[in-house]
Amino acid sequence: MDQQNSDPTEHIRTKLNSGYHLPKNTSEIPYPLARSLKDGYRLICKSSGDQLKLDGRRHKPKMSFKAKQCGVQFSPPSIVLIYEHKETKRERKRIIPVRNFSKYSDYRMAAERLKNHPRHRDYLEGVSQSQLEKLHIILRDHMQGFSLEYSLASFCLDPDEDLNKLDDDELARKKGQMDELFEKNRKRKDDPDFVYDLEMDFTKTAQENCSWDDESDDGF
């Protein structure tokens with residue numbers, strides 16, 4: 001085999017797997033190994049201590065993202081995410097295609113599958129499961145011929161509505177919206193305005209404004 005066309009890390013892996021010990025002085029690391037580490041390959045420790053093996057896959061450091069807005073694109077069916085890179089503070093748009101999804105699909109399973117997808121899970125970490133389910137419902141409604149206005153109206157919460165009279169699909173929409181509102185308003189311990197043992201008066205209940213992404217156009 002041509003040496004130039006062979007895997008540049010093959011002989012390194014062979015040496016490491018045979019019991020190579022990483023020198024304490026990093027300047028003593030053989031040049032081919034140092035070059036491979038510089039190129040982005042990672043070393044994995046064995047149980048025997050500092051004996052190492054080289055992972056042939058390139059390792060990318062985990063990026064840190066903050067979701068700002070999310071919506072849907074009908075054609076092709078996609079989730080549109082506006083996010084901020086926490087290190088650079090730059091906002092970007094990511095279009096995530098929703099594949100193998102039809103008007104008969106289970107929106108819960110589709111949302112869970114997308115949230116855990118290796119390529120998208122870092123970007124969707126700040127997007128709740130209930131919000132992703134809501135976006136998949138909107139996509140499915142569109143495939144079934146319903147308008148965007150119909151979908152958004154179906155999520156509106158009416159304090160006087162008897163939830164016991166709703167069918168399973170309608171009830172799931174209301175519950176999903178409740179979960180989303182709860183996550184949005186929930187105070188966490190690391191929030192600057194977090195208060196222990198907060199007491200509130202719920203005698204006055206305001207009806208929720210049913211608008212959704214008022215500044216968005218079309219399906220987003």
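Quick note on numbering: the numbering used here labels position 198 of the sequence shown as 198, and the sequence is numbered without any gaps. Quick reminder that beta carbons are idealized off the backbone N, C-alpha and C, glycines included.
Beyond the five residues adjoining it in sequence on each side, Arg108 comes within less than 7 Å, by CB distance, of Glu133 in the same chain, given in chain order. The Cβ atoms of Leu135 and Val72 lie closer than 8 Å to each other. Per DSSP, reduced to three states, the secondary structure at Arg173 is helical. Counting only runs of 4+ residues, the alpha helix (DSSP H) found wholly inside the region 84–156 occupies 107–115, 129–143, 148–154, in chain order. Residue pairing from DSSP leaves Lys165 without any beta-bridge partner.
Distance between Ala153 and Ser128, taken at the CA atoms: about 20 Å. Taken atom to atom, the span from the alpha-carbon of Cys156 to that of Gln177 is near 8 Å. Minimum Cα-Cα distance from Lys93 among the listed residues Phe101, Glu84, Arg99 corresponds to Glu84. A distance below 8 Å separates the beta carbons of Pro77 and Leu139. Pairing His142 with Phe74 gives a Cβ-Cβ distance under 8 Å. Under the criterion of beta carbons closer than 8 Å, Lys68 and Glu87 do not qualify as touching, at roughly 15 Å.
Taking C-alpha positions only, Arg173 is separated from Ser64 by approximately 31 Å.
Rounded to the nearest whole angstrom, the CA to CA distance from Ser102 to Ala110 is 10 Å. Using a Cβ distance threshold of 8 Å, Ile137 and Leu114 do not count as a contacting pair. For Phe65, the enclosing beta strand (DSSP E) covers residues 65–73.
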